[in-house]
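Notes follow once the structure below has been shown.
Residue numbers (my numbering): 10 to 192.
Right, here's the structure in full:
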């Protein structure tokens with residue numbers, strides 16, 4: 010026969026399992042839209058060259074990137090019904106006495122012209138005083154975004170700009186998604 014303590018324990022566990030599953034659902038949903046940043050590392054490499062004037066061999070040390078840089082681009086991840094999911098990716102240089110870090114990717118405006126809409130995203134780069142480590146050449150970044158497409162829109166243009174302090178934003182990636190084109 011079950012005791013009252015066991016039934017009480019069983020009910021508490023049931024509520025805890027429900028709460029845990031709800032928190033898991035919310036956790037998975039927000040993880041998809043977080044900014045991912047990875048360091049681009051370098052390693053020293055010795056290079057030997059011949060000096061043409063003297064004919065002697067000269068050996069010096071240079072740095073070679075070990076981590077592959079992400080090309081600035083916009084990739085379609087998923088398109089279902091009127092929801093568009095895409096990934097923004099790119100890289101920034103940061104070395105020596107210039108520390109640069111991506112602080113966020115900001116959605117600023119959506120301009121609609123007829124059945125076309127243009128989405129503008131800004132990669133906000135902050136400059137930090139100090140010296141970067143000698144094995145760091147920069148940072149890769151990527152972020153998944155989700156956008157609900159309005160009913161009358163058939164073409165989505167996405168523009169990504171890099172924004173540095175005291176400089177005009179510079180266009181680094183542009184992508185056009187035409188969902189109703191005839192094939």
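Backbone N, C-alpha and C fix where the C-beta goes; we use that ideal spot for every residue, glycine too. Since this is a predicted model, take the numbers as computed values, not measurements.
- Taken atom to atom, the span from the alpha-carbon of residue 86 to that of residue 153 is near 8 Å.
- With a beta-carbon spacing of about 6 Å, residue 44 and residue 113 fall inside the 8 Å limit used to define contacts.
- Between residue 107 and residue 141, the C-beta spacing is below 8 Å.
- For residue 139, no beta strand (DSSP E) run applies, since DSSP gives it neither H nor E.
- By the C-beta density criterion, residue 73 is exposed, having fewer than 16 other C-beta atoms within 10 angstroms.
- Between residue 80 and residue 63, the alpha-carbon positions lie close to 41 Å from each other.
- The three-state secondary structure of residue 181, taken from DSSP, is strand.
- Residue 54 is bridged by DSSP to 71.
- Here the alpha carbons of residue 148 and residue 105 stand approximately 14 Å from one another.
- Spanning the alpha carbons of residue 182 and residue 122 requires a straight line of approximately 20 Å.
- Judged by their CB atoms, residue 170 and residue 131 are nearer to each other than the 8 Å cut-off.
- Residue 176: not part of any beta strand (DSSP E); DSSP gives it neither H nor E.
- In the DSSP annotation of this structure, residue 80 is not part of any beta strand (DSSP E), being labelled neither H nor E.
- Counted as a single uninterrupted DSSP element, the beta strand (DSSP E) harbouring residue 116 occupies residues 108-122.
- Residue 65 has its alpha-carbon roughly 43 Å from the corresponding atom of residue 136.
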